[in-house]
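Residue numbers (our numbering): 108 to 522.
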Amino acid sequence: MTTMLLSPADVRRRRGLRRMRAMALSLLVLAALVFAATRNRGGAWGFVNATAEAAMVGALADWFAVTSLFRHPMGIPIPHTAIIPQRKDALGHSLEEFVKGNFLTIDAARERVAHADVVRRVGRWLTEGQHSAEVITEVAKATSDALAAVKDDDVRDFVDHTLVPRFVDEPMSPVAGHLLEAVVRDATHHGLVDLALVEADAWLRTNPHTVASIVSERAPWWTPGWLDQKVIERVHHEALAWLEDVRDHRDHRVRMALDDLLAQLAQNLQHDPETMARAEALKVRVMAHPQVGASAVAAWDALRTALLGALADADGPLRHRGVAALSEFGERLLTDADLRHRVEGHAADAVGYVVGTYGHEIANVISQTVDRWDGKEAAERIELHVGRDLQFIRINGTIVGGLAGLGIHTLNVLL
């Protein structure tokens, strides 16, 4: 036999094969001993002798048949023996065609998925014990490893050579205009306007000296100081009052004017060639700025740090929400028949696609693996898996041969 690495299962198979070989050989030896012991004896011993003789013939014939599959019997190169070592490549290709034609078909794969009830079993598994938490833990670990593997240089290269050229080539003005139109229509920008007004009010209240400095610089040189102070106080007061008025009244004309301005800008970004050209030119200038790549890397680092921290916190809200969502999904797979059928359909489509697209490559693994094996190694591997059962052929051949010999001898005596 060739030297090959054996798994624990292969070791058990080899032990079982040896036991069955010993049993089959023991029956042959027993038949030979009985034949020798009953030779030239008359009477009923003739029946025993004939039975033993035929049993030996059956045992030897089936030993020859079984052994011929894997090697030359007794090392003699008899034609049409050692079938597996000599024809392993053809057998591998035949097995590949058999698997591909009977198992790796789209219909067979879809039918198997449909009958396996995989989706219901997955849903039940997710709702049992801590399975959802275990899945989230593994997903968090894999995601963290993937995030940590991304280097800043890779991000910079992706931004500089993929994102930026794509943004430059793609017309962004219509997209920006459509987005701005939706923002104005849904009044989403009002929150930003409110924030700007609040910040402006806070700045005016905390920086009166700056306001005084600005007004003083523009006051005539000949006005008295007390008058300048009155004007400064008045300007400061009116500015605060105006900001408060705009902030507190949604229908203020400034707000309305801003809405009209943004709405018109949204339309111009989508339909006005001049505005669109200016927007595209601005986009190109911004994308060409060297700080774009650095800003993208900084944003990525901040996002990655936040994600890694959230994923590492086993008691954090992100992990808890993930476990809750996965458990809820598993429960829905059990109770919501429509969802279950949709998921089953998607699973069947996915398996069908894999089989239809890669079935040949999957089946080809069989023939490629067998082709790489040495002939003797292939025979040994196959014998480890089926040899034990084949020894029953030898045992049955011994028994059937003996019974046949007994029957023939009986007929001979009777006739």
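Don't be surprised by glycine CBs; every beta carbon is placed ideally from N, CA and C.
Beta-carbon proximity list for residue i, same chain, < 6 Å, skipping 5 on both sides
| i | result |
| --- | --- |
| L425 | A417 |
| R217 | A455, G459 |
| M279 | K390 |
| H359 | V353 |
Cβ neighbour criterion (16 or more within 10 Å) applied to residue i
| i | result |
| --- | --- |
| P192 | buried |
| R313 | Note on identity: in this sequence residue 313 is Thr, with Arg being the wrong assignment. Exposed, because fewer than 16 other Cβ atoms sit within 10 Å of the Cβ of T313. |
| E203 | buried |
| V430 | buried |
| M108 | Below a pLDDT of 50, predicted positions are generally treated as unreliable, and M108, at 44, falls in that range; the measurement from the model is reported next regardless. Exposed. |
| W480 | buried |
| G494 | buried |
| M363 | exposed |
| S201 | exposed |
| I339 | buried |
| V141 | buried |
| A470 | buried |
| R292 | exposed |
| F177 | buried |
| S239 | buried |
| R122 | exposed |
| Q498 | buried |
| A138 | buried |
| G464 | The question names Gly, but residue 464 is Thr in the sequence shown. By the neighbour-count rule (16 or more Cβ atoms within 10 Å), T464 is not buried but exposed. |
Same chain, Cβ closer than 8 Å to residue i, neighbours up to 5 away in sequence not counted
| i | result |
| --- | --- |
| R354 | D301, L304, V305, D308 |
| R146 | N156 |
| V391 | V275 |
| I243 | R426, G429, V430, L433 |
| H187 | S175 |
| V266 | V399, G400, A403, V404 |
| I515 | A157, A161 |
| V164 | G508, G512 |
| H356 | R362 |
| A419 | A247, S251 |
Own chain residues within Cβ distance below 7 Å of residue i, not counting five before or after
| i | result |
| --- | --- |
| G466 | K207, L211 |
| R501 | A131, A166, D169, W170, V173 |
| A485 | I191, P192, K195, V477 |
| L414 | L254 |
| R231 | L441 |
| R128 | Q498 |
Expected contact under 8 Å - CB spacing of residue i and residue j to nearest Å
| i | j | result |
| --- | --- | --- |
| G284 | Q377 | 4 Å |
| V440 | V450 | Going by the sequence as given, residue 440 is Leu instead of Val. Indeed they touch by this definition, with Cβ atoms about 7 Å apart. |
| A143 | G512 | Incorrect: roughly 15 Å between the Cβ atoms, too far for contact. |
| L287 | L369 | 6 Å |
| L347 | L299 | Contact doesn't hold; Cβ gap of about 21 Å is too wide. |
I'd like the ranges of any alpha helix (DSSP H) spanning at least 4 consecutive residues and lying wholly in the stretch 123-193. 152-177
Alpha helix (DSSP H) segments (min. 4 residues) lying fully within the stretch 275-304: Entirely contained in the stretch 275-304, the alpha helix (DSSP H) runs reaching 4 residues are, in chain order, 280-292.
Alpha helix (DSSP H) runs contained entirely in the stretch 416-500, provided each spans 4 or more residues: 424-442, 444-479
At 4 residues or longer, what runs of the alpha helix (DSSP H) sit wholly inside the stretch 203-247? 213-223, 225-234
Which runs of the alpha helix (DSSP H) spanning at least 4 residues fall entirely within the stretch 354-426, listed in chain order? Here the runs fully enclosed are 360-378, 380-395, 398-419.
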